[in-house]
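**Student:** Below you'll find the structure I mean.
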């Protein structure tokens, strides 16, 4: 197993706990800046997809775009079947509080595991791509931590249970990385390209359906600038690491 991938996935997993901590101890700040964090995360994801993952996957798999499309559609269907949107504008009420919170936990647990698999796949190609995947995952896990905390508090779950659930969701990321490292060790280049493209579709779906739409909740130019800053950050990392 790639120990570097595992250690970095632990760092990425801390993002959710950081978001939860901000919500508990700095609730006003967390809620006031959550859209800005989401805007930056959306830009990070777009940069990861179009500057890093897709070009890398196309180099080793000429059918990569089809696999990216398959990834996008697959997670659209998954989210549709789960009847859950991690940043939904709808507020559950009455008896639906607990049900909504449970669906949120299941959805984010799957999401977190897939984050870990994407990190593991990146490190199987090279350490730079793996590190960039970690940056993207870490960036969006902070607002995710704020979101899941808010949902569970709204569902009137006790604090101990909220913290426990957050730890379990965070732990799913390194578990996903371990699974990827075990099963992708001897994978052929074509299949690795397909997996990277599929991961690109996954990240693109999160950005396009979960993150970017939330930036419209605040009608100002700053969110657009922050979004572009996220993309620029991924491009600067490309130059810094001298990635072809």
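Numbering (the working numbering), first residue to last: 108 to 351. Glycine is no exception: its CB is placed at the ideal position from the N, C-alpha and C atoms. Note that this is a predicted model, so its numbers are computed, not measured.
Assuming the contact rule is C-beta atoms closer than 8 Å, residue 119 and residue 222 should be a hit. Round their C-beta distance to whole Å, please.
**Tutor:** Their Cβ separation, rounded to whole angstroms, is 7 Å, which keeps residue 119 and residue 222 in contact under 8 Å.
**Student:** With a threshold of 8 Å, are at least 3 pairs of Cβ atoms found where one atom belongs to the region 145-154 and the other to the region 323-341?
**Tutor:** With a cut-off of 8 Å, the region 323-341 and the region 145-154 count as touching, because enough Cβ pairs lie within range.
**Student:** Can you list, in chain order, the residues of its chain with a C-beta nearer than 6 Å to that of residue 229? Leave out the 5 residues immediately preceding and following it.
**Tutor:** Around residue 229: 236, 237, 240.
**Student:** Is it buried or exposed for residue 295, if we count other Cβ within 10 angstroms and need 16 for buried?
**Tutor:** Exposed is the call here.
**Student:** Please classify residue 191: is it buried, with 16 or more other beta-carbons within 10 angstroms of its beta-carbon, or exposed?
**Tutor:** Residue placement at residue 191 is poorly supported in this model, since its pLDDT is 47, which falls under 50; the coordinates are not used for a value here.
**Student:** Counting only the same chain and skipping the five closest in sequence on each side, list residues whose C-beta sits under 7 Å from that of residue 342.
**Tutor:** 154, 158.
**Student:** Just verifying my parser: in three-state terms, what is the DSSP assignment at residue 292?
**Tutor:** Here residue 292 sits in coil by DSSP.
**Student:** Starting from the Cα of residue 170, find the closest Cα among 313, 181, 301 and give me that residue.
**Tutor:** For the residues 313, 181, 301, the minimum Cα distance to residue 170 belongs to 301.
**Student:** Taking all protein chains shown into account, do 16 or more other C-beta atoms lie within 10 angstroms of the C-beta of residue 265, making it buried, or fewer, making it exposed?
**Tutor:** So residue 265 counts as exposed.
**Student:** Whose CA, out of 146, 225, 212, 270, lies closest to the CA of residue 131?
**Tutor:** Selected option, being the one with the closest Cα: 270.
**Student:** Give the secondary structure of residue 326 by DSSP, where H, G and I count as helix, E and B as strand, and everything else as coil.
**Tutor:** Residue 326: coil per DSSP, three-state reduction.
**Student:** If you draw a straight line from the alpha carbon of residue 277 to that of residue 323, how long is it in whole angstroms?
**Tutor:** Rounded to whole angstroms, residue 277 to residue 323 spans 28 Å at the Cα level.
**Student:** Give the single residue among 139, 225, 187 whose Cα lies nearest to the Cα of residue 288.
**Tutor:** Here the closest residue by C-alpha is 225.
**Student:** With burial defined as no fewer than 16 other Cβ atoms inside 10 Å of the residue's Cβ, what is the status of residue 139: buried or exposed?
**Tutor:** When all chains shown are included, residue 139 counts as exposed.
**Student:** Here's the rule I'm using: 16 or more other beta-carbon atoms within 10 Å means buried, otherwise exposed. How should residue 330 be labelled?
**Tutor:** It counts as buried.
**Student:** Residue 165 to residue 346, Cα distance in whole Å?
**Tutor:** Rounded to whole angstroms, residue 165 to residue 346 spans 19 Å at the Cα level.
**Student:** Under 8 Å by Cβ, that's how I've got residue 311 and residue 179 pegged, so tell me the actual separation to the nearest angstrom.
**Tutor:** Contact flag correct, Cβ pair sits at about 6 Å.
**Student:** Do you know how far the Cα of residue 293 is from the Cα of residue 133?
**Tutor:** Distance between the alpha carbons of residue 133 and residue 293: 46 Å.
**Student:** Drop a sphere of 10 angstroms on the beta-carbon of residue 326, count the other beta-carbons inside from all chains shown, and report buried for 16 or more, exposed for fewer.
**Tutor:** So residue 326 ends up on the exposed side.
**Student:** Counting only runs that start and end within the region 110-185, where is the alpha helix (DSSP H) found for 4 or more residues in a row?
**Tutor:** Whole alpha helix (DSSP H) segments, 4+ residues: 110-132, 134-154, 161-167.
**Student:** Considering Cα atoms alone, identify which of 146, 185, 253, 299 is closest to residue 213.
**Tutor:** Residue 213 has its Cα closest to that of 185, out of 146, 185, 253, 299.
**Student:** Assuming contact is defined by CB atoms lying nearer than 9 Å, are residue 160 and residue 307 in contact in what I supplied?
**Tutor:** Contact: yes.
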